[in-house]
Every structure is written in structure tokens, then in C-alpha cells.
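So the structure is just underneath, and the comments pick up after that.
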Amino acid sequence: MIKSHTILVLGEILVEFVSHTKNCALASIGEYSGPYPSGAPAIFADQAARVGGRAVMVGGLGADGFGRSTLQRLQDDRVDVNQIVMNPELATGVAFVSYFDDGSRDFIYHIAGSAADSFQDADLRPLTGPVVLHVSAASLGSPVIRPRILSALAAVRAAGGKISCDPNARPELMRDQTAREALETVIAHSDILLPSTSDLNYLYPGLSETAALAHLLQGHAGIVALKRGNRGALVIGPDQQFELAPHPVTEIDPTGAGDCFCGTFIGLLTQGFSLFEAGRHANAAGALAVTRRGPMEGNTSLAEIRGLLAVQDAAEPGSF
Ligand code: ATP
Ligand code: MG
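The sequence shown lines up with residues 313 to 632 when you count with the numbering used here.
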């Protein structure tokens, strides 16, 4: 469906600081590590490029230490950074995260008015061949980024391209009704949907997983991959469905696993991997991602992903 497509991503590029203190709700003095390169769209683009996809990132960074190191990181991982604006007037966007014992998280984002929401519309002219636009829905919470995403969506659709969407509905970022409506518009136009179980609860409160998936599949999308955290993943395509069992790993920092899953999945589909193989690799990449602190630090190469799959194949021949 998206073989040989260039992957286009627009949205917030951030650095993130991770609290080492649990249950602090970001309200008390504690130790943090960072700056880790972050921002859901940027983690996605980085991973899509790391597995060999042609990924173009559109976004903004400050011309400060946070911005320079993040730009360097994306460049080193072979993301096309030609449409990233380095803004000398504005500071790089920042996020802070702290975990609770039950696995939930508290985020504080500094995006509005930072370099993270100050960039130009995507320019499709330099892109060669067909394009798949990936929308990380958290970006739709920004009133400045939202119209840029919607206009890229219209341009990509008009050019015959495809849309993929992670309905990453962070309540902290989706405060107003306009964001919710934009998310519904993007979902309605998406060819590929990559929700997590918590996104299904946000989109269809009270519905079972099966009923919520049926709703998503009634629309335009031909492929849905459901991210189930430590319960693995489920990939549904035309006439096929695969349950992917979780890899047994020790979870250190789950943030970014979903973006890593999506980057792997889309990055491999653009290289002609089958739905099953793209899903299997994405499920392994997501598992590897949670074993490292820092949202983008869990991103991996195809060789590392294959390493984990080989261990699993050796342990359980014939399993997924
Ligand atoms: P985020 O939005 O924080 O980036 P997400 O909620 O979108 O994450 P998850 O479902 O948490 O995404 O994780 C994505 C994928 O990574 C899962 O579908 C699974 O394949 C893998 N994964 C995540 N956590 C674990 C875990 N503890 N053990 C094994 N695999 C995991
Ligand atoms: Mg997610």
C-alpha cells in the first residue's frame, strides 16, 4: 500500500527531562536526567529512518544547546532535516515526565510559543515519489501546528498520497474541542491507524476493544495496528489478522515505545515488508524501546530488532 513512499512528519520536536523519583507528580524537587531528544513526531521520524525508511521531518528547534544536539541526533540517524527551522529567537520546546507506581505518567509540556510550534508549512516539492503523511495526534492539540497538519493532509491527499495516524490522545495536549474534531477528520482520512488501547478508551469510552476496533475498521482505513503495551500488539489488514505476543523485557521507561512501534511499522511497510513482518518487527522494536530511559533512546536499528526476533525464534520455534 505504501511501498516506496517517502514518509512525511510534521510536529513538535522537543527535549525531555525524565524524573528519577516516582509518584512526585512533577511537584517536588528531585533528580532528572536529560535533555533527551523527544516529541512524538520526532521519535517516529527518527525510528522510521533508523530502520531504513526515507523520513522527512518538518518542525522547529531553538538555536540553543537543546536544539543543536537534537538536530544532530536526527541527522545522524539519517532523517531528512531540510525542513527543520533553527530559530535564533525562540527556545527549544521542553517536556518533563514523572511516573507513578501504577504505570501512569504526569507530563508538563512547554510547546506553545517555543521553537517547537514555530515552523513553516510542509513543502512537498522537494520530495521524490509518492508520500505517506504520518500524523501523531498529540500535535493536533497545538492551535498553531494543527492547521499545518491539516493543510499537509489536504496536499498529500490531493497528490494521491497516503495518511497514517497514531491517535496518540494525550489529555494534557488535547484540551479543546477543535483538537478533538481535527483528530476525527484525520482518522476519517487515514489509510493506516495505529492506536494504543488507551486511545481506544479515549475515542470510544465504554466500548470493548473488539467494538472499538470495528468502529475504526468501518471507516476509510484498510490497516489497523493496535498497540497493547506489555500485552504486545494486534495487526489487522485486508483479510488478515495477527496477534503478536509481547517479548519478555524489563520495562525502564515506556514513553516513546508507541512512536518507536509506529516508526518501525511504517518505515518497513515503505520498504515493501509484508504486514506480518512489519508488525512482528514493530512489536520487537516497541519491547526494546521500553528497556532504555529516554523517549528516543529506545529507538533501534533493524539489526538490533532482528537480534531480538532471533532470540525469540530460537526459544519458541514457529511462534510469532
Ligand atoms: P507511547 O504513547 O507512550 O509512546 P503507546 O501507548 O502508544 O506508547 P504502547 O502500547 O505502550 O504504546 O507500546 C507500543 C508497543 O511496544 C506495544 O504494542 C508492544 O509491542 C511494545 N511494548 C510496550 N511495552 C512493552 C512491554 N512492557 N513488554 C513488551 N513489549 C512492550
Ligand atoms: Mg501512544
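Built from N, CA and C at the ideal position, the CB exists for glycine as well.
**Q.** Near the ligand ATP: Asp565 beta-carbon under 7 Å from a heavy atom
**A.** Reading the sequence shown from its first residue, position 253 is the one you call residue 565. No, the Cβ of Asp565 stays beyond 7 Å of every heavy atom of the ligand ATP.
Cβ pair Asn595, Arg362 closer than 8 Å | Along the sequence shown, read from residue 1 onward, the residue named residue 595 stands at position 283. Along the sequence shown, read from residue 1 onward, the residue named residue 362 stands at position 50. Contact: no.
Backbone CA spacing between Glu555 and Leu373 [nearest angstrom]
Along the sequence shown, read from residue 1 onward, the residue named residue 555 stands at position 243. Along the sequence shown, read from residue 1 onward, the residue named residue 373 stands at position 61. So the alpha carbons of these two residues sit roughly 39 Å apart.
(request) Report yes if the CB atom of Asp376 is closer than 8 Å to the CB atom of Ala403, and no otherwise. (result) Taking the sequence shown and counting its residues from 1, one reaches residue 376 at position 64. Taking the sequence shown and counting its residues from 1, one reaches residue 403 at position 91. Cβ atoms of Asp376 and Ala403: closer than 8 Å.
Go ahead and pull the three-state DSSP assignment for Ala424. Residue 424 sits at position 112 when you count from the first residue of the sequence shown. Reduced to three states, the DSSP call for Ala424 is coil.
Requested in this report: Give the straight-line distance between the Cα atoms of Pro550 and Ala626, rounded to the nearest whole angstrom.
Outcome: By 1-based counting over the sequence shown, the position of residue 550 is 238. By 1-based counting over the sequence shown, the position of residue 626 is 314. Spanning the two alpha carbons is a distance of roughly 30 Å.
Subject >> Backbone CA spacing between Met398 and Gly441 [nearest angstrom] >> reply: In the sequence shown, residue 398 corresponds to position 86, counting from 1. In the sequence shown, residue 441 corresponds to position 129, counting from 1. Their backbone Cα atoms lie some 27 Å apart in a straight line.
(Q) For the ligand ATP, I want to know if Lys474 counts as a neighbour, meaning its beta carbon is within less than 7 Å of at least one of the ligand's heavy atoms. (A) For the purposes of this step, residue 474 is taken as the residue at position 162 of the sequence shown. The answer is no for Lys474.
Identify every residue that forms a DSSP beta bridge with Lys474. Start at 1 with the first residue of the sequence shown, and residue 474 comes out as number 162. Val444, per the DSSP bridge assignment.
With H, G and I counted as helix, E and B as strand and the rest as coil, what does DSSP make of Asn611? As a first step, residue 611 is located in the sequence shown; it is residue number 299 there, counting from the start. Here Asn611 sits in coil by DSSP.
| query | In the DSSP assignment, what residue or residues form a beta bridge with Val561? | reply | To locate residue 561, count along the sequence shown from 1; it is residue 249. Beta-bridge pairing links Val561 to no other residue.
Segment contact flag, the region 502-510 with the region 468-480, C-beta cutoff 8 Å, min 3 pairs = yes
| request: Would you list, in sequence order, the uninterrupted beta strand (DSSP E) runs of no fewer than 3 residues that lie entirely inside the region 348-426? | output: 367-374, 392-399, 405-411 and 417-422
Could you tell me which of Pro353, Pro400 and Phe412 sits nearest to Ser331, measuring between CA atoms? As a position in the sequence shown, residue 331 is number 19, starting the count at 1. The shortest Cα separation from Ser331 among Pro353, Pro400 and Phe412 belongs to Phe412.
Chain-order list of residues whose beta-carbon lies under 7 Å from that of Pro558 (same chain, five-residue window excluded) = Translated into positions along the sequence shown, residue 558 becomes position 246. Here the set comprises Asn542, Arg543, Gly544 and Ala599.
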